[in-house]
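Peer 1:
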Amino acid sequence: MSSLPEGWIKTSLGEVTYYASGKMPISEIDLDNYISTENLLVDKMGVTQAAALPKVSKVNAFDVGDTLFSNIRTYFKKVWYSNKIGGSSNDVLVFRPIDNEQLNKKYLYYLISNDGFIEYTVITAKGTKMPRGDKDAIKQYPLRLPTLSEQKAIADMLSSFDEKIELLRAQNKTLETLAQTVFKEWFVNFNYPDETGEMVDSELGEIPKGWRIGSFDEVIEFSNGYAFKSKELIKEPANNSFAVFKMGHIKKGGGFNPSKTKDYIAKEKCVNLSRFVLKKGDILMCMTDMKDSTSLLGHTALMFDNEYYIVNQRVGLIRARNEVNIDYPWLYILTNSIDFISDLRKRANSGVQVNLSTSEIKNSRVIIPNIQTNIEFDKLAKPIFEKIQNNAVQIQSLSKTRDALLPKLMNGHVRIHEFSREGANDQRIAL
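If you want it as structure tokens, here you go:
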């Protein structure tokens, strides 16, 4: 490692932080301010509302500006910078600076978020089935600590990346909600342009005249992913390789998480597998889930990259036939709708794992609108999804830049002495 930059000190995490151990009555806690390993999100994605409160009298207290870290299976990277007062479970570590004049709170968050720290907690963890971070070992994690002013500059710079990413994510959520709202209004409530109000009976209830009921495979082409041999997979991308798309890429509730890409395969091993190479607009369905938690089963991700991924087994590949002008926006929204998912899961094969069969997916009964309505919906929905894609590309680029900068800033290989959001293009950065 390079020599220590001037003004920096060598120390350990335990010398500059402590585990907050204060308690709070459960009566002061609600679903919005209770944090456990269950509602901390993977990959530093923040938190969601708790599903339930524990049946205890007191919980661990946390404050605004604390860093919360899930200490179970730390490789999930569940880290959150608190923006509220609340309570947490025992398996959530609450980090707090010993001296705010020595350690900036937001810098501490990025220190805990750093992959180097996460890897350290994995290596030093105790237990195999449910590995927990070793709290004593975590305190010994070695640090190269910058001056307080440089810590603040680093934290401000990294925060500017996170703020831009969050803004784009919020915009994408709004855009997707808009597309879902239009879909529901047109294809569930049947309030679509040029509708006459004339309805006819069908096996799925009343539908507009001119529409019909058909099987899902009338509007899609469906195939299963390929069963790659684990020994053929590589962990780093090469010039001539495909990224392997797996079930882990599919988000709960639907959506695509490119950060879950862990395996690659050389293109030379895929000479006769062109039908498994993914194209922009492909829909990928999770076909297997655990019996105790079927939160992913049947949900889909929408592929925005062209010929970068190749699909793995237990993921269903769905492509629009286009014979009735139904395209990927309609298919993506339908396959993540509550009614479609519920019906599909009722027909799943249940065991230790719950599986969807190809035939059950293809035989799903769906309402097929008339061609003109599909054309009009496509005109409206495709620009929305194009904007979502553009935002997703920016998010990925910003995330990669931030994650590449973070360890370099932490060890002094990249220096930043001051940062201003107003003048972000004129920062003084030393390499």
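The sequence shown begins at -13 in this note's numbering and counts up one residue at a time.
Just so it is clear, CB atoms sit at the ideal spot from N, CA and C, and this is done for glycine as well.
1) Taking the alpha-carbon positions, what's the N462 to T274 distance?
2) Give me, in chain order, the residues of the same chain whose beta-carbon lies closer than 6 Å to that of S7; leave out the 5 immediate sequence neighbours on both sides.
3) Can you name the start and end residues of the beta strand (DSSP E) that P11 belongs to?
4) Would you call the region 161 to 170 and the region 27 to 34 in contact, with 3 or more CB pairs under 8 Å?
5) In the DSSP assignment, find the unbroken beta strand (DSSP E) run with F208 in it and report its ends.
6) Go ahead and pull the three-state DSSP assignment for K41.
7) Are the Cβ atoms of G211 and Q157 separated by less than 7 Å?
8) Exposed or buried, which one is S279 when buried takes at least 16 other CB atoms within 10 Å?
9) So for L161, helix, strand or coil by DSSP?
10) Would T344 be called buried (16 or more neighbouring beta carbons within 10 Å of its own) or exposed?
11) Our contact map puts M289 next to L270 with C-beta atoms below 8 Å; I'd like the distance itself, whole angstroms only.
12) The beta strand (DSSP E) with A36 in it runs from where to where?
13) Given a threshold of 16 other Cβ atoms within 10 Å of its Cβ, counted over all protein chains shown, does Y96 qualify as buried or as exposed?
14) How many angstroms separate the CA atom of R198 from the CA atom of I353?
15) If you pair each beta-carbon of the region 141 to 161 with each one of the region 0 to 14, do three or more pairs fall below 8 Å?
16) Would T82 pass as a contact of D122 if the rule is Cβ separation under 7 Å?
17) Rounding to the nearest angstrom, what Cα-Cα distance links I327 and G284 in this structure?
18) With 16 as the cutoff for other CB atoms within 10 Å, does S350 come out buried or exposed?
19) What does the Cβ neighbour count give for L190, buried or exposed, with the cut at 16 atoms within 10 Å?
20) Leaving out five residues before and five after Q413 in sequence, what residues of the same chain have Cβ atoms less than 6 Å from its Cβ?
21) Tell me G200's beta-bridge partners as DSSP assigns them.
22) Below 7 Å between beta carbons: does that hold for K295 and F214?
23) Strictly by DSSP, which residues pair up with N418?
24) Which same chain residues end up closer than 8 Å to Y61 when comparing Cβ atoms and leaving out the 5 residues on each side of it in sequence?
25) Classify A306 as buried or exposed, calling it buried when 16 or more other Cβ atoms lie within 10 Å of its own Cβ.
26) Output the distance between the C-alpha atoms of R331 and L342, rounded to the nearest integer angstrom.
27) Can you check whether the CB of M396 is closer than 7 Å to the CB of N19?
28) Within a Cβ cutoff of 7 Å, which residues of the same chain sit near R155, ignoring the five residues on either side of it in sequence?
Peer 2: Result, derived from the coordinates:
1) An answer regarding residue 462 cannot be provided, because it is not within the stretch -13 to 417 covered by the chain.
2) none
3) 9 to 11
4) no
5) 206 to 210
6) coil
7) no
8) exposed
9) helix
10) exposed
11) 6 Å
12) Note, A36: premise wrong, no beta strand (DSSP E); not H, not E.
13) buried
14) 6 Å
15) no
16) Residue identity differs from the one stated: residue 82 is Arg in this sequence, not Thr. Result no, Cβ atoms of R82 and D122 do not sit closer than 7 Å.
17) 6 Å
18) buried
19) exposed
20) Any reading at Q413 must be qualified, since the residue scores a pLDDT of 48, below 50, and its modelled position is unreliable; no value is offered.
21) V352
22) Note that residue 295 is Tyr in the sequence shown, not Lys. Not closer than 7 Å, so no.
23) With the chain covering only -13 through 417, there is no way to say anything about residue 418.
24) I104, V108
25) buried
26) 8 Å
27) no
28) I381
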